Amino acid sequence: MRAKERQSFAALVREELIRLPAGKPCCMLSEISALTQTSGHLALRGGSGLSVSYRLEDAGVARRLFQLLKKRLGVNPSLHFTQTSRLGGRRLCVLTLSGEDAKSLLDALHMTETDEYGQMHLKRTAPRHPMTRQCCRRAFLRGVFLGAGTVTHPEKGYHFEWKAEDEQLLRILGKLLEKCDLPFHTYQRKGQQIVYLKGAQQIADVLALMGAGQSVLQMENIRIQKQLRAMAVRAANCDEHNGERMLDAGHRQAEAIRQISLKQGLFTLPPTLQEVARIRLENPDLSLKDLGNMLKVPIGKSGINHRMRRLMEIAEELH
Ligand SMILES: [Zn+2]
C-alpha cells in the first residue's frame with residue numbers, strides 16, 4: 284500500500300505537468316531539448332538516413348512530446364509500441380522522426396551545420412541551446428523530470444531526483460539549479476549520475492518552478508497534517524498561556540510564509556528573508572530570539588522582528 288502511495292505522488296506530479304499548456308516557442312524548444320537528452324536516440328541508417336527516436340515509459344509524456352514536436356517544429360512523429368524485457372516486460376511508447384523531420388529537429392537543437400556547398404553535417408550528438416530566460420529554465424527542468432525524474436511521497440520523506448545519463452546533462456542541470464537558487468546534491472547509482480534535492484521547501488520550490496502548483500498544495504496539505512498531529516501532542520503537554528501565545532504567533536507566521544511559497548516561491552525573496560522564512564517554516568514553535576540565533580549570521584531580536592514584519596507584509600500583499 285505504502286509503495287503504491289509513494290509511486291502515485293510522482294505520477295500525480297507527472298500528470299499535472301503533462302496537462303500544462305505547451306507555452307511559448309522558446310519554452311517548447313527547451314522542453315523538447317530536455318526530453319531529447321533524457322529519452323532521445325540518434326540513429327544513422329543506410330538508405331533511410333538520419334532518424335531520432337524517443338522511448339518513453341509514460342504514454343502521457345509521449346503524447347505531450349508528440350504535441351510539442353508537432354506544434355513547435357511542424358513535424359509528424361510516427362508512434363509505435365514495443366515490449367522490453369529490461370523493464371519487466373513493460374510497454375514502451377516509441378516516437379520516431381526520420382528524414383526531413385529528423386533534420387528539422389536537429390537543426391532546431393543546434394546539432395547540425397551546413398558547409399559552403401549547402402551540405403548538412405552533424406555537428407554534435409547532444410542538443411545545445413541557450414537558456415538565458417527563466418521561463419525556458421523552468422521548461423527544461425520540467426522536461427528532464429518528465430523524461431527521467433521522480434519524487435518520493437511526502438508522507439514517507441522528502442526526496443526529489445533527476446537522472447542524468449551523461450556529463451553534459453549533469454552540467455546543464457547544475458547550472459540551471461544554481462541560477463534558480465536551489466541547493467542540490469549529486470551521487471552515482473549504477474553508473475548514472477543522480478541530481479537530487481532534499482528538504483520539503485526545496486521540493487515545493489522545484490515543483491512550483493516546473494509548474495506543478497496542485498502538487499505543491501497536495502504536498503503542503505500532507506505537511507500541515509503532519510505538523511498538526513505533532514502540535515496536538517505538544518498542546519496536550521503545554522498548559523502555560525504564554526507558551527500557547529508564542530505557539531500561535533509562530534504558526535501564523537509559518538502559515539503566511541507557506542502562502543508566499545505557494546503563490547510566488549520562496550526563491551523570489553531576497554536571501555536574508557529567504558533564510559528567515561525557511562527556518563520559521565521548519566520551526567513554527569521557536570521564539571523569535573532563538574530564530575535569530577539560528578541564522579548563518581545571528582541577529583538580535585529587533586533585527587529578526589524587522590525581517591519577520593517584512594515577510595508578513597509580503598504575505599499580506601499577496602491577498
Ligand atoms: Zn521560454
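Numbers 284 to 602, taken from the working numbering, label the letters of the sequence shown in order. The C-beta atom is built at its ideal place from N, Cα and C for all residues, glycine as well. All values reported here derive from a predicted model rather than from experimental measurement.
Asked                                                                                                                                                                : Found
With the cut-off set at 8 angstroms, would you say Ser387 and Leu356 are in Cβ contact?                                                                              : yes
Is the number of C-beta pairs between the segment 481-490 and the segment 460-468 that are closer than 8 angstroms three or more?                                    : yes
Let me check understanding here. Comparing Cα to Cα, which of Ile315, Gln497, Phe292, His534 lies closest to Cys419?                                                 : Ile315
Secondary structure at Glu396, three-state DSSP: helix, strand or coil?                                                                                              : strand
Determine the DSSP secondary structure at Gln366, reduced to helix, strand or coil.                                                                                  : strand
Among Glu399, Ala447, Ala539, which has the Cα closest to the Cα of Val478?                                                                                          : Ala447
Could you pull out every residue in the same chain whose Cβ sits closer than 6 angstroms to the Cβ of Lys287, ignoring the five residues on either side in sequence? : With a pLDDT of 48 at Lys287, under the threshold of 50, the modelled position of that residue is not reliable, and no figure is offered here.
I need the DSSP call for Arg297, collapsed to helix, strand or coil.                                                                                                 : helix
With respect to 7 angstroms, is the separation between the Cβ of Arg416 and the closest non-hydrogen atom of ligand 1 below this value?                              : yes
Output the distance between the C-alpha atoms of Ile597 and Ile582, rounded to the nearest integer angstrom.                                                         : 21 angstroms
Tell me the rounded alpha-carbon separation between Leu578 and Arg590.                                                                                               : 12 angstroms
Can you tell me whether Ser498 is buried or exposed, with buried defined as 16 or more other CB within 10 angstroms of its CB?                                       : buried
Could you please give me the residues that DSSP links to Val478 through a beta bridge?                                                                               : Trp445, Thr469
For Val427, is the classification buried or exposed, using 16 other Cβ atoms within 10 angstroms of its Cβ as the cut-off for buried?                                : buried
Could you tell me which residues DSSP puts in a beta bridge with Arg593?                                                                                             : DSSP output for Arg593 lists no bridge partner at all.
Under 7 angstroms: does the beta carbon of Ala422 sit that close to some heavy atom of ligand 1?                                                                     : yes
According to DSSP, is Ser322 helix, strand or coil?                                                                                                                  : helix
Say the cut is 7 angstroms; is the CB of Lys462 nearer than that to a heavy atom of ligand 1?                                                                        : no
Curious, which full-length beta strand (DSSP E) runs of at least 3 residues does the segment 382-441 contain?                                                        : 395-397, 403-405, 432-434
Are Ala513 and Val296 closer than 8 angstroms when you measure CB to CB?                                                                                             : no
Starting from Gly332, follow the alpha helix (DSSP H) in both directions and report where the run begins and ends.                                                   : That residue, Gly332, is in no alpha helix (DSSP H); its beta strand (DSSP E) goes 332-339.
In the DSSP output, which residue or residues are listed as bridge partners for Ser570?                                                                              : None; Ser570 has no bridge partner.
Using only CA atoms, which one of His468, Ser291, Glu450 lies nearest to Lys481?                                                                                     : His468
So, are the CB atoms of Glu503 and Leu549 less than 8 angstroms apart?                                                                                               : no
Do you know how far the Cα of Thr551 is from the Cα of Lys572?                                                                                                       : 25 angstroms
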